[in-house]
Each structure stands twice: as structure tokens, then as C-alpha cells.
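Working notes for the structure below.
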Amino acid sequence: MKRTLLVLMLLAGMAQFPVQAAALAEEPYREYDVMEDYVPHVSGDMRLSGSYKYWKDPKNLDWRLAGNPDDNWKLNWKFMDPPFNTSVHGGHFAVDRGDTIFHELNKTGRFAACLGAKKGSLKGLRARYPMHRADLKRVAGLEEVIERCAAKEGRVLQNGSYDNSAVSIYVASMSAGIPININVISPGPLKAAYERGRKLFHTRAGRFNLACSSCHAHQIGLHLRGNVVTTPYGDVAHFPVYRTRYQLQSLHLRFAECNLDTRTQPLLPGSRPYTDLEVFLTGLTNGYPVSVPSERD
Amino acid sequence: MRTGTIFLCLTAFVAHAALTRAALASDFPADFAANPAAVNMTQAPKVVVNSGRLEWTPFNRDLTHWPSLSYDDKRPTLKPRKVMLSEPLNGDPARGRALALARDKGYCIVCHEMPGEDWPGTVGALLLHFKKNNYPNEQVFQQIFDARAFNPNSVMPPFGTFGILDEQEIRDLVAYLQSLD
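Chains A and B supply the protein sequences, listed in that same order.
For what it's worth, numbering that gives the first Met the number 0 labels the leading residue of the first sequence as 0, then goes sequentially.
For what it's worth, numbering that gives the first Met the number 0 labels the leading residue of the second sequence as 0, then goes sequentially.
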């Protein structure tokens, strides 16, 4: 009996091997710089750029750093987030718009339940996204779920559109100050997405053969013309964000802008690679409070 | 003779790019933000205030030729390439300077500090007083053509291998750099 089992296992192993080899043969040549020293918590930045010590307490930031363009990167631009930033900007109008749309859609309570609210309360919901969705059978970001749940109520809220981001920023505002907390350590779909996202972050693409990591892991604090490169840690807490030179911008549209800036073909919001990148960056933001409505230049 | 070889390689590369584009038209990754019917297929998102629809506008460059982050994109990255430079250099320093500042060409100043321009980058090596380094022309040419030949982890774009600059343009840039006292 034991011997039969052993033979069966061996056969299974042999059957698996050619499949893996074929899959490897199909992979095109890509340049990937291996860097695995990431911690799925915002404090992991102390091992990468060390700037976390300047921005770990969002209430008490150093005004002198905020006023100096050479030092903005040390604050990871958190001086444009509430509660430090008390000015009224386009992000506040978006929260109002999102509030209106949310309550139009949620007359029966079905919309909030569809988003994953517990007992109808939105508190803490944003801090748990992206999450694995049983209905989609995969990991999804909040904006993708908003599009899907709004469609069930008969309203078009395309991922990346102003109204979709407005609902997202309203939902996020109900979690303002609550630390982001997704589990990318236990084995499961979320961990798998995190690992794919980490690999993508270090994979080169585009006309200039650049990866996200070419700048945002290896050149943090250095100038690229007038910009200073920031850390990838703690960066998703303020999305969707009001861009003073653009409009309301979801995280996936920010990825599209990054791609366009580095001359790489952008992908659609909600696409698998962008969602995996979102999971990776959200893992690196674990422990940092949701900070909306926020603005960036 | 060597110039001829490089020229042949470049021609082969251009033909390769054309082929890739032809192959792509029939095999377009579904998650590309691109419009196959447009001249420049690449599209940029446009957010319209108080609208539930996301609009797209044509981007001013077609980026679909290059490997992307899409999981369905099976085109390989062009591998690092070693090239030989045939002397004399025959580069024009003035043209080289213009190329170093041109956004669509070298745009070296994004990463490198160069004389006479504000807001240089600090990512790359200083190019001030470049002549003092006494680098051979061939080494500077290879660094611009494909820096991965010296360092596989170099973040400097492979300007020659990727066809961003042609051979004469790189010769002009080398002449410009070697002229910086």
C-alpha cells in the first residue's frame, strides 16, 4: 500500500515537472532585480530609506522640512494629508459628492453590504482593502468593487471615473485615522497577490527599460530633474487623491501616470497587474492611518 | 567596416520593431489602455468631474511597441548588447549638447548634472569636467549605447539597443562629453 502511494506520488511529481518546464520556456526574457528585503509594515521603511522617522506621526510633522523642496521627500509629502493639512481643497468636494452618490445607491442597505460593510457600518472598511472577494473569486481593490456593486444598483461608476473615486474617498473618510491592515503574511490569495506585486515592482518595462524599483527602491532622496524620489512605504493611505494639476486620481490611474511618465504602455484600472501592485504597496502601508481627503501637486 | 556592422544591426532592429508591431495588432493584451484603431494607440485617462464614466485621450507617443507590465504581454526585453566603436569619432559636440537636453532624445539632465543648465538630476554620475576622467571614446559610446554591458543592474536606459538614439547621435554625445573641460 505504502509502495503504491510512493509510486503514485513519484508519477505525480514526474507529470508536474514537464508542465513547469513548459511554463518556464514560455516566459519571455525580462530583467528583474531581486530584492526581497521588504517588511509588510510601514515601519519597514527604516530598512529602505529611513525617512519613516520624519513622517510616522502625521499630527506632528516638522514645518521646516515641509517648507523646503529638498526635504519634502523626507516627509513623504504627508504634510499635504489631514490632520496636518487643514486647507479646503478639491478632495473635500469629492467627499461631498461621494456622500450624495453613496446614499442614493444605499437606500436599501444592499450597496454597503455589497462593499463588505459589517452591520451597515463603513468604519474600518477602507483599511481592509484590497481583499479577496468570494463573488469575484480573486483579490480586488475598493474602486473595482464600487464599480461592480454600483452596477447591481443600476448605476455606471467606471473604475477611475470621478464619481467612482468620489464614492471611494467618501468610504475611506469613514475610516480616516484607522491604520491600514491587510494580511499578506498568511498563505492565501492576498499573499500571492503581494508576491506578484513585489515582483512587478522590480520588473523592467517600457521604452527606457525602467522598473518602479529603478527609482523608488534604489534612488530614494535623489533628484530627477525637479522631483525628488520618495519611498514606496506608506504611500497608498491617501488615495484617491486630489491632484492640483490633474483631478481626483485613483491609485490605478496614478499607476497609469507613472507608466506614461516612464514611457511604458499603461494598463486599464482594475487590471490584474495594477491590482497586484496595489496589494504590494498596501502591504507596505500596513500600520499607517487612512489619510483622506488629501491633495498632492 | 565596423560602422557598417552597426548600421546593419540597427536596420535589423528597426525591422524587428516593425514586425513586433504587426504581430501585436492581432494579439493585443486585453488590459492595454490603448485604441487599436488610432495612429498612436496608447491612450491616457481623462477624469471628468461629476461623471461616472472615465474618458480617454490619445497620448502623444505610441508606447505599445515596448514590453509592458501586462501578464499577457509575452514580448521579451531586448537583451544587453556589446558594440564596437570605429574611430575616428566624427561627432559634433554642439549637436551632442542639443541631444543631451532634448526631451525626446538623450535628456541626460534628468539624471546627470551638466554645465549650464538648472535643476539637474543627481541620480547619475556628474558630467561636469567629464574630460578629466580620460575615459576612452569606446567606453563612453558603449555606456550610452547599452550600459547593461558594464553593469546588468544599471538603471541607465539602453539608448542604442532600444533605438532611442542612432549611432551618429551617440557619436555626437560622446564628442560633447569629451569636450567638457
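We put the CB at the ideal spot given by N, CA and C, even for glycine.
Short Cβ contact (7 Å threshold) for residue i with residue j
{"i": "A43(B)", "j": "L259(A)", "result": "yes"}
{"i": "A148(B)", "j": "M155(B)", "result": "no"}
{"i": "S86(A)", "j": "I219(A)", "result": "no"}
{"i": "Y273(A)", "j": "H251(A)", "result": "yes"}
{"i": "F200(A)", "j": "F254(A)", "result": "no"}
{"i": "T206(B)", "j": "Y31(A)", "result": "Given a span of 0 to 180 for chain B in the structure shown, any question on residue 206(B) remains unanswerable."}
{"i": "Q157(A)", "j": "L53(B)", "result": "yes"}
{"i": "Y51(A)", "j": "G97(A)", "result": "no"}
{"i": "L125(B)", "j": "E112(B)", "result": "yes"}
{"i": "Y70(B)", "j": "R271(A)", "result": "yes"}
{"i": "I145(A)", "j": "S120(A)", "result": "no"}
{"i": "E277(A)", "j": "P82(A)", "result": "no"}
{"i": "G269(A)", "j": "E143(A)", "result": "yes"}
{"i": "V122(B)", "j": "C110(B)", "result": "yes"}
{"i": "I143(B)", "j": "F129(B)", "result": "no"}
{"i": "M173(A)", "j": "K106(A)", "result": "no"}
{"i": "G196(A)", "j": "T261(A)", "result": "no"}
{"i": "V235(A)", "j": "P188(A)", "result": "no"}
{"i": "R125(A)", "j": "V289(A)", "result": "yes"}
{"i": "S50(B)", "j": "Y161(A)", "result": "yes"}
{"i": "G90(A)", "j": "P292(A)", "result": "yes"}
Contact set between residue i and chain A, taken where Cβ atoms lie within less than 7 Å
{"i": "K104(B)", "result": "Under the 7 Å cutoff, chain A gives no residues; its nearest Cβ is about 12 Å from K104(B)."}
{"i": "M58(B)", "result": "Checking the sequence, you will find Phe at residue 58(B) rather than Met. The answer, in chain order, is L259."}
{"i": "F169(B)", "result": "First, the residue type needs correcting, since residue 169(B) is Ile and not Phe in the sequence shown. Simply none; closest approach about 16 Å."}
Residues that DSSP places opposite residue i in a beta bridge
{"i": "H222(A)", "result": "V227(A)"}
{"i": "L266(A)", "result": "F31(B)"}
{"i": "L209(A)", "result": "A204(A)"}
{"i": "T121(B)", "result": "DSSP output for T121(B) lists no bridge partner at all."}
{"i": "K117(A)", "result": "S120(A)"}
Buried or exposed (CB count within 10 angstroms, at least 16 for buried), residue i
{"i": "M79(A)", "result": "buried"}
{"i": "Y175(B)", "result": "buried"}
{"i": "G108(A)", "result": "exposed"}
{"i": "Y37(A)", "result": "buried"}
{"i": "A14(A)", "result": "Unreliable placement is indicated for A14(A), whose pLDDT of 41 sits below 50; the coordinate value is still reported in the next sentence. Exposed."}
{"i": "Q138(B)", "result": "exposed"}
{"i": "D117(B)", "result": "exposed"}
{"i": "S185(A)", "result": "exposed"}
{"i": "Q264(A)", "result": "buried"}
{"i": "N67(A)", "result": "exposed"}
{"i": "I169(B)", "result": "buried"}
{"i": "M40(B)", "result": "buried"}
{"i": "W72(A)", "result": "buried"}
{"i": "H64(B)", "result": "buried"}
{"i": "A36(B)", "result": "exposed"}
{"i": "K77(A)", "result": "buried"}
{"i": "Q177(B)", "result": "buried"}
{"i": "A171(A)", "result": "buried"}
{"i": "L135(A)", "result": "exposed"}
{"i": "D72(B)", "result": "buried"}
{"i": "E294(A)", "result": "buried"}
{"i": "A17(B)", "result": "Confidence in A17(B) is poor, its pLDDT being 44 and thus under 50, which makes the residue's placement unreliable; the coordinate value appears in the next sentence. With fewer than 16 Cβ atoms within 10 Å of its Cβ, A17(B) is classed as exposed."}
Cβ distance (whole Å) where residue i is taken to contact residue j below 8 Å
{"i": "W54(A)", "j": "N75(A)", "result": "5 Å"}
{"i": "I100(A)", "j": "A165(A)", "result": "6 Å"}
{"i": "Y193(A)", "j": "A93(A)", "result": "Incorrect: roughly 28 Å between the Cβ atoms, too far for contact."}
{"i": "N285(A)", "j": "I179(A)", "result": "6 Å"}
{"i": "L209(A)", "j": "A32(B)", "result": "That pair is no contact at about 18 Å."}
{"i": "D171(B)", "j": "G120(B)", "result": "About 21 Å; that fails the 8 Å criterion."}
{"i": "C211(A)", "j": "V228(A)", "result": "Wrong, their Cβ atoms sit about 11 Å apart, outside the cutoff."}
{"i": "L68(B)", "j": "T202(A)", "result": "7 Å"}
Amino acids of chain B, ordered along the chain, whose beta-carbon sits closer than 7 Å to that of residue i
{"i": "E30(A)", "result": "T76"}
{"i": "P288(A)", "result": "Per Cβ cutoff of 7 Å: no residues; P288(A) is ~26 Å from chain B at best."}
{"i": "L247(A)", "result": "V46"}
Partner residues on chain A for residue i, Cβ-Cβ distance less than 9 Å
{"i": "K73(B)", "result": "E25, E26, P27"}
{"i": "S67(B)", "result": "A204, G205, N258, T263, Q264, P265, L266, P272"}
{"i": "L53(B)", "result": "Q157, N158, G159, S160, Y161, N163, L252, P268"}
{"i": "P157(B)", "result": "F207, N208"}
{"i": "I108(B)", "result": "R224"}
Contacts that residue i makes with chain B (C-beta to C-beta distance below 8 Å)
{"i": "S213(A)", "result": "V154"}
{"i": "L199(A)", "result": "L68"}
{"i": "A255(A)", "result": "A32, A43, P44"}
Within chain A, partners of residue i - CB distance below 8 Å
{"i": "F161(B)", "result": "R206, F207, N208"}
{"i": "G120(B)", "result": "L221, H222, L223, R224"}
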